[in-house]
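Encoded as structure tokens, the structure appears first; notes follow it.
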Ligand code: OAD
Ligand code: ZN
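In UniProt numbering, the protein residues as written are 1 to 318.
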């Protein structure tokens, strides 16, 4: 079977069924490999780079938009975003809820909000599992996420592949003396409307999520070492408004293809014209990821992966 000249968004599974030969699927992707240095146009071109193994080291850059399908609001979408829905906390501006100076002055609004944000209430969605799939296929170099919902870990993305740039609820420490504090005990206190206190100095304990005015985890600052090895970058569900995270999108080599999956154009994708190697697929993330999975012919594997995570086989002793 020869490679089709016509890029197609029809799934490879469907084509193979028409051709009547399941085995031909693996060897004959139905998307055309883009020419080196040529303009990348759409998801077909990105899929071809993966299918033809031109790209094997993918970096994911993610924000709150990957978790809205799990029921967690993002920050800046007008109306539904968190920053439009904080009136009850009576704070001077929405960002104050995550501002370290404001927290020092009045930690109560943060602790009230955080009760709802604690991981455990939400489940990963198709996008988190897609990243896990990239890992299982040996294609995931690293995932850089700004999210603190813990859904990447919950989907099974291993911690060595994950950079939680804005911190995590899985650890906690004293805001005054920085001493680590058991995260579970901090969570229990917060859930019972109490403010957790440090045993050493009685300072306020906070989960190790990064506030405005705080430094990012050390692990984040090794990003240039990762990006030098990246051959494809996906940017998903982020407004790229917050530094220093936002600037990492420009850390890959200038010829490395970048795919933006978002509702609107953000960061360098607003430039006109865009780089030849930049592709923006605007619209709903789940729909676009499902489309990409279809072009890649990974639907069945994705279903299996999700099933295995959501309905793990239990082994009982007789
Ligand atoms: P934002 O709320 O700023 O941006 C989320 C982006 O995802 C927006 O561009 C949305 O249009 C898009 N989006 C949401 N749902 C989507 C969907 N279903 N399909 C496609 N696109 C969708 O969130 P972040 O960029 O993550 O930091 O915000 C960055 C940082 O700002 C956060 O980590 C947090 C916040 O202040 C701190 O608190 C330190
Ligand atoms: Zn302390």
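For glycine and all other residues, C-beta sits at the position ideal for the given N, C-alpha and C.
Fair warning: this is a prediction, and the values are worked out from it, not measured in the lab.
Practice task
Report all residues from its chain with a CB closer than 8 Å to the CB of residue 306; omit the five preceding and five following residues, and keep chain order.
Solution key: These residues qualify, in order along the chain: 126, 129.
Practice task
Measure the Cβ-Cβ separation of residue 196 and residue 190 and say whether it is below 8 Å.
Solution key: yes
Handout entry: Enclosing beta strand (DSSP E) for residue 258 [first to last residue]
Key = 258–262
Exercise for the section: Pick helix, strand or coil for residue 197, following the three-state DSSP scheme. Expected result: strand
Exercise for the section: Alpha carbon to alpha carbon, how far is residue 122 from residue 91? Give it in angstroms, no decimals. Expected result: The alpha-carbon atoms of residue 91 and residue 122 are separated by roughly 26 Å.
Problem - residue 312 versus residue 303: straight-line alpha-carbon distance, rounded - result: 13 Å
Problem - Residue range of the beta strand (DSSP E) that includes residue 167 - result: 167–174
Problem - Cβ pair residue 146, residue 245 closer than 8 Å - result: yes
Handout entry: Buried or exposed by the 16-neighbour rule on C-beta atoms within 10 Å, applied to residue 65
Key = buried
Practice task
Within the same chain, show all residues whose beta-carbon is closer than 6 Å to that of residue 82, passing over the 5 residues directly before and after it, in chain order.
Solution key: 73, 75
Practice task
Tell me where the alpha helix (DSSP H) around residue 190 begins and ends.
Solution key: 183–191
Practice task
Mark residue 148 as exposed unless 16 or more other C-beta atoms lie within 10 angstroms of its C-beta, in which case mark it buried.
Solution key: buried
Exercise for the section: Could you tell me how far apart the beta carbons of residue 256 and residue 232 are, in whole angstroms, since I believe they sit closer than 8 Å? Expected result: 7 Å
Exercise for the section: Name the two residues that bound the continuous beta strand (DSSP E) containing residue 162. Expected result: 162–164
Handout entry: residue 64 beta carbon near the ligand OAD (any heavy atom closer than 7 Å)
Key = yes
Exercise for the section: Mind checking who residue 281 pairs with in its DSSP beta bridge? Expected result: 261
Handout entry: Where residue 274 sits in the DSSP three-state scheme
Key = coil
Practice task
May I have the straight-line CA-CA distance separating residue 254 from residue 165, to the nearest angstrom?
Solution key: Rounded to the nearest angstrom, the two C-alpha atoms are 23 Å apart.
Exercise for the section: Check whether the Cβ of residue 308 lies closer than 7 Å to any heavy atom of the ligand ZN, and answer yes or no. Expected result: no
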